[in-house]
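Q: Below is a structure I'd like to ask you about.
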Amino acid sequence: MNFPDSDDILVSRVSFNPVGNRNSVQDTESLPTIDQIPTARASVAMLDKLWTQIDVLDDVKAMAETVSKHGSFFTEEFATSLQLIKSSQEKLLDKVVTYQAATNKTREEREKTFTYALAKNDATDTEQENEQIRQRMNDFFALPPKPASEDPKLKDFDELDNYINEVRGNMYDISDQMKNYDAIREKLW
Numbered sequence: 001m002n003f004p005d006s007d008d009i010l011v012s013r014v015s016f017n018p019v020g021n022r023n024s025v026q027d028t029e030s031l032p033t034i035d036q037i038p039t040a041r042a043s044v045a046m047l048d049k050l051w052t053q054i055d056v057l058d059d060v061k062a063m064a065e066t067v068s069k070h071g072s073f074f075t076e077e078f079a080t081s082l083q084l085i086k087s088s089q090e091k092l093l094d095k096v097v098t099y100q101a102a103t104n105k106t107r108e109e110r111e112k113t114f115t116y117a118l119a120k121n122d123a124t125d126t127e128q129e130n131e132q133i134r135q136r137m138n139d140f141f142a143l144p145p146k147p148a149s150e151d152p153k154l155k156d157f158d159e160l161d162n163y164i165n166e167v168r169g170n171m172y173d174i175s176d177q178m179k180n181y182d183a184i185r186e187k188l189w
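Residue numbers (full-length UniProt numbering): 1 to 189.
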């Protein structure tokens with residue numbers, strides 16, 4: 001067989017192996033051409049790093065001045081809102097404790113009444129009482145709450161509802177203050 005000179009040979013590096021993967025097709029002679037392609041690298045100059053550090057230090061300095069001026073990260077309005085919600089929560093806690101004591105007392109009275117009712121086998125009275133309790137609970141949780149000034153037993157529910165609404169309003173105020181603080185913080189960063 002007659003072979004042409006090496007200058008006349010056209011070498012093809014194509015594999016007709018359908019099972020083989022791409023890596024098995026490449027041989028060691030074709031790798032240097034791939035290695036000679038320059039890679040794209042992120043280039044961060046030393047000045048960029050220094051300016052980033054300076055920006056961070058400026059932001060920290062501004063935050064430190066804010067803290068030394070106000071005594072905290074938060075503004076006076078935010079601190080006032082927190083104080084309002086704290087006092088509202090304390091009032092609510094007092095009302096809940098008072099209501100809990102009254103509820104415990106009425107529960108003990110009901111238990112005494114219930115044992116007496118069992119002795120009489122008076123089931124209709126307990127059903128009516130349960131229906132009244134269900135009705136009072138439905139009235140309490142209904143929106144909007146009905147004024148219970150006529151019934152002294154429901155007066156505590158109205159006071160409790162007023163305190164809950166006050167706490168809810170204060171929570172909205174704090175939410176607004178936190179949003180304002182976040183907006184200011186984002187401007188600093």
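Note that beta-carbon positions come from the ideal geometry of N, C-alpha and C, so glycine has one too. All values derive from a computational prediction rather than experimental measurement.
Per DSSP, what kind of secondary structure is S12 in: helix, strand or coil?
A: On the sequence shown, residue 12 is found 12 positions in, with the first residue counted as 1. Here the model assigns S12 a pLDDT of 49, short of 50, so the residue's position is not dependable, and the following value carries that caveat. Coil, per DSSP.
Q: Examine the Cβ distances between the segment 171-186 and the segment 81-94 and report whether three or more of them are shorter than 8 Å.
A: Flag = yes, the segment 171-186 and the segment 81-94 touch.
Q: Do F73 and T66 have their CB atoms nearer than 8 Å?
A: Locating residue 73 in the sequence shown gives position 73, where the first residue counts as 1. Locating residue 66 in the sequence shown gives position 66, where the first residue counts as 1. Yes.
Q: With three or more beta-carbon pairs closer than 8 Å as the criterion, would you say the segment 90-109 touches the segment 154-168?
A: These segments touch.
Q: Please list, in chain order, all residues of the same chain as E76 whose beta carbon is under 8 Å from its beta carbon, the five residues on each side excluded.
A: Within the sequence shown, the letter at position 76 stands for residue 76. Cβ neighbours of E76 beyond the five flanking positions: H70.
Q: By the three-class DSSP mapping on this structure, what secondary structure does M1 have?
A: By one-based count along the sequence shown, residue 1 stands at place 1. Residue placement at M1 is poorly supported in this model, since its pLDDT is 49, which falls under 50; the coordinates still yield a value, given next. Three-state DSSP puts M1 in coil, outside helix and strand.
Q: Let me make sure I understand the geometry here. Which of K49, F78, A101 and V56 has the alpha-carbon closest to that of D182?
A: Here residue 182 refers to the residue found at position 182 when the sequence shown is read from its first residue. It is F78.
Q: What first and last residue would you give for the alpha helix (DSSP H) that runs through S68?
A: Taking the sequence shown and counting its residues from 1, one reaches residue 68 at position 68. Here the alpha helix (DSSP H) through S68 covers M46 to H70.
Q: Give the straight-line distance between the Cα atoms of S12 and Q53, rounded to the nearest whole angstrom.
A: Taking the sequence shown and counting its residues from 1, one reaches residue 12 at position 12. Taking the sequence shown and counting its residues from 1, one reaches residue 53 at position 53. Below a pLDDT of 50, predicted positions are generally treated as unreliable, and S12, at 49, falls in that range; the measurement from the model is reported next regardless. Near 55 Å, if we compare the C-alpha coordinates of Q53 and S12.
Q: Under 8 Å between the Cβ atoms of V167 and L50?
A: Here residue 167 refers to the residue found at position 167 of the sequence shown. Here residue 50 refers to the residue found at position 50 of the sequence shown. No, Cβ-Cβ distance for V167 and L50 is not below 8 Å.
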